[in-house]
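Number 949 marks the last residue of the sequence shown (the numbering used here); no jumps.
Ideal Cβ positions, reconstructed from N, Cα and C, are used throughout, including at glycine.
A quick write-up on the structure given underneath.
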Amino acid sequence: MLSLAFSNRYEVLLETLLARLADEQPGPFGQREIVVPSAALRRSVELAVADREGVAANLRFSYLAQWLWSQIGKVIAVDEASPFAPAQLAWRIFGLFGERGEQAEGGWTSGHPRLARYLAGADAPMRFDLATRAARVLDHYLTYRPRWLAEWSAGRPVAGLADDARADEAWQAELWRRLTAELGARSEHPAATFFRAIEDAGVALPGALPQLPASVHVFCLPAMPPLYRDVLRALAAWVEVRLYVLNPCREYWFEIVEPRRLAWLVGRQQDLYFETGNRLLAAWGRQTQSHVDLLFEGDGAAEVDDSLFVPAAGDTLLARLQNAVLDLVDPEPGSVALADDDRSVEVHVCHSLTRELEVLQDRLLALFAAPDAPRPDEILVVTPDLEAAAPLIEAVFGTAPPARRIPWTITGLGHTRTNPVARVLAVALALAAGRFPASRVFELLQLAPVAQRFGLDGADLEQVHDWLREAGVRWGLDAAQRGRLGLPALERHSLADGLHRLFLAYALGDGDDGAEEDDGAGVGGVLFGGRIGAANPEGGDAQTLGRLARYVDLLQWLEAAASRTHDADGWRALLVELLDRLIPPTAEWADDLRAVRAAIAELHANIAAGGVRIPLPLALVHRALTDVLDDPARGGVPGGAVTFSAMTTLRALPYRVVCAIGLDDGAFPGVERPVEFDLMARHPARGDRQRRDDERNLFLDLLLAARERLHLSYAGRSTRDNSEKPPSVLVDELLDYAARATAADPRNPASLAAARRRLTVIHPLQAFSRHYFLAEPGQDPRLASFNAEYCEALRHRANVAGGARLGASACHAGVDDALALPSADEADDCDQPDDGMQLPFFSAPLPAPGAEWRDVGLDRLIRFFRNPSRFLLRERLGLTLPGGDEELDDDEPFLPDWRGRQALADRLLPALLAGRRRDDVRALALAGGEFP
């Protein structure tokens with residue numbers, strides 16, 4: 018039996034699921050089958066079951082494709098894992114594409130000129146990229162167009178395709194036939210064999226029925242391919258299949274269309290049975306519309322046995338919008354009167370993503386300071402590009418002082434960002450594939466697992482950094498490695514050259530033993546084997562120097578091993594050995610190491626299952642391993658803090674406060690297009706998952722998932738000239754829709770513009786702008802900041818300048834006083850030019866210099882003329898300004914820089930003053946590395 022439970026609220030469906038799970042008593046060894054779309058929903062259900070039953074036990078969670086394949090395997094003989102899974106299918110297609118030379122020798126691709134031309138000029142990573150895209154396209158055909166594959170297996174073209182698609186159809190059909198021949202699948206997908214077995218067996222399927230589960234709960238899937246739906250219907254004859262579906266509307270809404278679409282249908286006299294209904298639902302809900310509607314089509318259609326729709330509580334704008342969707346109506350123009358404190362739907366316009374995060378931080382602090390404040394775990398923040406936003410989130414939320422600190426977490430990032438061991442492996446493989454630049458060499462060494470493996474602490478790493486810079490290390494391991502790159506085999510500025518100079522300096526000492534060669538230049542004046550020592554390591558530095566040498570030895574082993582091609586077994590052994598050499602065998606890294614080893618094993622299994630036996634280059638293995646480590650299907654899970662995630666990771670989960678940042682034009686919905694040979698994109702059908710509809714439906718889900726507040730923001734002002742930049746088209750549509758409902762006079766453009774401004778907060782360029790701290794006439798009262806440091810600085814500036822004082826209520830250490838701003842007549846406009854506010858650096862004359870300043874030495878005179886300002890601060894005031902660490906250069910110098918000229922002068926001047934020969938001075942000049 019196939020039954021449906023409908024609701025517009027996730028909480029209602031979860032309660033229904035918990036009640037049905039409680040009724041099932043599978044015994045101590047039984048399992049209750051639950052199919053979920055993401056790891057986030059799995060965690061939500063697990064916590065709910067644990068809260069209800071005391072412990073989450075006897076639960077087996079699966080994804081729909083995995084669960085269906087396992088049930089097919091209980092009826093017919095299939096492999097443990099589907100050979101048509103894209104991860105395995107990509108490698109099999111990669112093998113069929115063959116080497117670049119095969120096309121000219123009469124390979125199968127020679128009959129398809131367009132494909133052959135591409136493969137003829139493609140290296141292994143390019144061929145694998147094409148194979149990956151082709152595998153995804155075939156996977157879509159399997160689930161959405163199985164009839165096409167049946168036609169291709171029978172050697173017939175698909176009817177109805179456009180003429181310009183026939184060339185792409187020809188090579189994809191040939192590829193499909195070769196795949197099925199290699200897999201021994203004859204001419205049909207295992208699902209077709211399953212359907213035939215079910216049909217032949219009728220109501221009695223000997224030997225299979227006892228292995229099928231009694232029931233399965235399919236919970237909150239946003240979409241379902243036709244093939245999966247058909248398999249579920251076939252299984253429903255023996256398995257009780259219960260679907261829990263989020264339906265945003267309690268009315269019959271499957272014939273609604275957008276107003277523009279309805280006008281087009283009216284012009285063609287095809288508008289019968291169509292209506293507009295709710296504009297947002299018609300424009301954004303197509304994916305859910307097709308998903309729900311197709312469940313009722315065909316034989317074995319689902320039956321609704323439970324439905325409960327709950328209107329949103331309250332009279333806020335957000336509740337009105339959600340209830341309008343629920344009731345399939347549009348709010349009457351001008352019918353919504355916003356209360357002064359109604360900030361349930363708000364759009365914030367900033368100058369950059371960093372400013373969006375700063376504004377979000379202040380907004381959340383204001384919510385926490387208000388009555389009935391949400392908990393941090395009741396707040397969700399999503400962004401279209403989590404990878405780009407992650408470091409900015411860390412910079413804003415991770416560095417806040419205790420008074421403004423908010424518990425937060427980022428979920429859904431790839432392992433190469435969150436797993437330290439995976440990060441080490443990714444950096445090491447990227448290093449082995451390149452030319453070993455000094456900055457990347459040091460980057461790998463300073464990663465925590467690697468530094469611990471070689472016994473280097475923070476002080477040691479700083480010393481190694483200085484050594485590499487002073488020894489002139491720029492790129493390359495040695496002359497031989499540079500030669501293998503097809504470059505001149507010169508050792509100057511390589512790691513080998515730098516190590517030789519460091520060891521030479523250590524061996525020769527500081528040159529202060531009174532030897533005749535000592536001319537006052539120390540090590541810098543001694544040549545040995547055409548090299549000159551560098552950095553002068555001594556004494557206890559020997560251990561650090563030795564550890565650096567062992568690290569360089571490891572890099573030389575890695576370069577030699579990775580420059581050769583290996584088969585799948587060889588690469589697995591090499592990667593495991595690399596981890597053993599880089600990661601210390603301690604409990605601290607055990608879990609992370611286990612996850613990376615599992616990813617390596619998964620990659621090896623995919624290559625083996627794909628039938629690839631040829632040697633593979635490093636670039637291809639690195640790309641494939643990164644794809645496994647950063648697989649977006651792993652998703653993220655909600656935590657006990659403010660959760661930052663990608664747009665799709667926590668889809669359907671409700672939160673009291675939902676925030677979406679980075680909603681710039683072109684960022685969401687994205688501009689990514691389907692691959693050019695995707696025949697489904699050229700000939701779409703109802704029920705297809707299309708990126709445009711998927712992302713619009715996702716935005717609708719976010720609107721409906723917010724229980725109290727919806728916070729949206731985008732970079733709507735240029736940082737250069739403050740010019741306006743448009744938001745996402747979805748934000749624009751929402752503002753237009755809400756403005757029409759809240760405008761005092763919807764027919765007046767000025768009134769509509771005012772309504773949009775009421776829902777929009779435009780922020781200044783800088784977080785320290787006076788507008789956040791001074792209440793001025795005409796200023797938006799929603800501009801407020803919790804940054805006590807900025808407020809204190811502003812008050813101090815105004816007080817010192819002689820202007821009006823800012824009250825203490827404007828500068829606060831906690832959140833309770835955040836909105837207590839001074840009035841406009843209590844402070845001057847501190848951002849306006851004012852001669853009284855141009856404060857001198859010294860408020861009083863410096864005291865006269867003492868007697869020690871009357872005798873000026875040469876060194877002091879040189880320091881003064883080199884940098885008078887620094888001399889003043891250091892010598893007279895005792896101030897030393899902190900400076901950032903100098904980055905390592907990755908390119909050898911063609912002209913000496915300032916530091917190089919100074920080092921050259923320090924080395925040559927003593928030799929020249931000592932009267933050394935010109936040839937000796939010239940050799941001394943060339944030995945330091947300031948010149949190429």
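What are the residues that DSSP puts in a beta bridge with residue i?
| i | result |
| --- | --- |
| TYR731 | VAL366 |
| LEU76 | ARG49 |
| SER662 | VAL399 |
| ALA677 | VAL399, LEU729 |
| PRO454 | TRP492 |
| VAL778 | HIS365 |
| VAL262 | PHE23 |
| ALA723 | TYR672 |
Give the DSSP-derived three-state secondary structure of residue i in the structure shown.
| i | result |
| --- | --- |
| GLU555 | coil |
| ALA931 | coil |
| LEU403 | helix |
| TYR568 | helix |
| ALA179 | coil |
| SER20 | strand |
| ASP146 | helix |
| PRO103 | helix |
| GLU257 | strand |
| SER232 | strand |
| HIS129 | coil |
| ARG668 | coil |
| HIS700 | coil |
| ILE110 | helix |
| LEU633 | strand |
| ALA171 | coil |
| PHE545 | strand |
| ALA36 | helix |
| VAL327 | coil |
| GLU904 | coil |
| THR582 | coil |
| ALA437 | Contrary to the premise, residue 437 reads as Pro rather than Ala in this sequence. PRO437: helix per DSSP, three-state reduction. |
| PRO744 | strand |
| THR426 | strand |
| GLU320 | strand |
Nearest-angstrom Cα distance between residue i and residue j?
| i | j | result |
| --- | --- | --- |
| ASP906 | PRO454 | 8 Å |
| ARG877 | ARG887 | 12 Å |
| HIS517 | GLY526 | 14 Å |
| THR33 | ALA198 | 46 Å |
| PHE685 | ALA677 | 11 Å |
| TYR27 | LEU298 | 18 Å |
| LEU696 | LEU147 | 15 Å |
| GLU712 | VAL746 | 12 Å |
| ALA585 | ASP648 | 20 Å |
| GLY294 | ILE273 | 6 Å |
| GLY489 | VAL154 | 51 Å |
| ALA698 | ARG337 | 36 Å |
| GLY628 | ILE110 | 10 Å |
| ASP753 | LEU719 | 18 Å |
| ALA626 | ARG734 | 51 Å |
Give the C-beta separation of residue i and residue j to the nearest angstrom, bearing in mind that I take them to be a contact with Cβ-Cβ under 8 Å.
| i | j | result |
| --- | --- | --- |
| GLU373 | GLY679 | 7 Å |
| ILE423 | ARG673 | So it is not a contact: roughly 15 Å between Cβ atoms. |
| LEU249 | LEU76 | Contact flag wrong, Cβ pair sits at about 20 Å. |
| VAL327 | VAL29 | 6 Å |
| LEU642 | LEU620 | 5 Å |
| LEU494 | PHE459 | Not really, about 14 Å apart at Cβ, beyond 8 Å. |
Segment contact flag, the segment 507 to 522 with the segment 916 to 930, C-beta cutoff 8 Å, min 3 pairs: Verdict: no, contact absent.
The segment 387 to 394 contacting the segment 792 to 806, beta-carbon criterion three pairs below 8 Å: These segments do not touch.
Segment contact flag, the segment 249 to 267 with the segment 337 to 356, C-beta cutoff 8 Å, min 3 pairs: Contact between the segment 249 to 267 and the segment 337 to 356 is present, because at least three Cβ pairs lie under 8 Å.
Stretch pair the segment 488 to 503 + the segment 573 to 581: three plus CB contacts closer than 8 Å: The answer is yes - the segment 573 to 581 touches the segment 488 to 503, with three or more Cβ pairs under 8 Å.
Inter-stretch contact (C-beta, 8 Å, three-pair minimum) for the segment 306 to 314 and the segment 350 to 364: The segment 306 to 314 vs the segment 350 to 364: no contact.
Three or more C-beta pairs below 8 Å linking the segment 402 to 411 and the segment 421 to 438: With the cut-off at 8 Å, the segment 402 to 411 and the segment 421 to 438 touch.
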